[in-house]
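Inspection log for the structure reproduced underneath, given as structure tokens.
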Ligand code: CA
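In our numbering, the protein residues as written are 33 to 265.
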């Protein structure tokens, strides 16, 4: 029975979360503020954290940053819970390492589906454990050999395109904001505007041909790599 930590200051929403997760068989522990949430996560080692964005004191973004920096808690997946109007903050949340987000109001069904999907992905994996060579059906991304193989072909990728594709593909399913991609792939000091990421993504998709669907746009947030190629529409 997976233990889930819910950090939420609004009692109504906390109850809804608790009720729906408990009904699905999860063990639920709750906290009403960010600082307590971080302490509880360290102590209880939950399988997953549902973290509200707007919290008194330590807010969700700061709490997420602390949890992801601490080796004791860095592997615990975090789903940020946000209000619709806070979607620009979601970008920040993902920039500090949140694994997914869910916007209020949400249906209980959606909530449980998100929780299960993130749990299925397993513990948030550390960067250093990632291989240089990533293999998916029809697609191999090899950073060390500077090589991408798409359905047997080897289209030429620029260094930036290769690093960008490799970074996304080494975190399948995880959404990254443009800002995060710029800082992680191109470098903190690079003179690159976030929209340039879109240009690189377009170039990558073109070179991926039939595999292009793996690089998926998440509206108003950024991009994610799909481990399984979506069925052609
Ligand atoms: Ca709140």
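C-beta atoms are modelled at their ideal positions from N, C-alpha and C, and glycine is treated no differently.
| query | result |
| --- | --- |
| Where the alpha helix (DSSP H) through residue 230 begins and ends | 227-240 |
| Beta carbon nearer than 5 Å to a non-hydrogen atom of ligand 3 | This structure simply doesn't include ligand 3; it includes ligand 1 instead. |
| Residues near residue 158 in its chain [Cβ-Cβ closer than 8 Å; skip 5 each side] | Caution is warranted here: a pLDDT of 42 is assigned to residue 158, below 50, making its placement in the model unreliable, and the coordinate value is therefore given only provisionally. Once the five neighbours on either side are set aside, the close Cβ partners of residue 158 are 106 and 107. |
| Cβ shell of residue 266 (< 6 Å), same chain only, five flanking positions each side left out | Because the chain here runs from 33 to 265, residue 266 falls outside it and cannot be looked at. |
| Ranges of the beta strand (DSSP E) found wholly within the stretch 52-101, counting only runs of at least 3 | 59-63 and 80-84 |
| Between the CA atoms of residue 228 and residue 160 - distance to the nearest angstrom | Any reading at residue 160 needs caution, since the residue's pLDDT is 36, under 50, leaving its predicted position unreliable; the model's value is listed next. Whole-angstrom Cα-Cα distance: 27 Å. |
| Residues that residue 38 bridges to, as DSSP identifies them | 62 and 82 |
| Residues sharing a beta bridge with residue 188, DSSP | Paired residue(s): none; residue 188 is not in a bridge. |
| For residue 147 and residue 17, the rounded distance between their alpha carbons | The structure shown does not extend to residue 17, since the chain is modelled only from 33 through 265, so no value can be given for it. |
| Residue 137 to residue 237 span [Cα, whole Å] | 33 Å |
| For residue 71 and residue 254, the rounded distance between their alpha carbons | 31 Å |
| Contact belief for residue 193 with residue 232 at Cβ below 8 Å, rounded distance in angstroms | 6 Å |
| N-terminal and C-terminal residue of the alpha helix (DSSP H) that residue 258 is part of | No alpha helix (DSSP H) holds residue 258; DSSP gives it neither H nor E. |
| Cβ neighbour criterion (16 or more within 10 Å) applied to residue 91 | buried |
| Supposed contact pair residue 69 and residue 49 - C-beta distance, whole angstroms, cut 8 Å | Contact flag wrong, Cβ pair sits at about 13 Å. |
| Per-residue burial, residue 112 [other beta carbons within 10 Å of its own, 16 or more giving buried] | buried |
| Per-residue DSSP class, three states only, for residue 199 | helix |
| Beta bridge counterpart(s) of residue 112 as assigned by DSSP | 83 and 133 |
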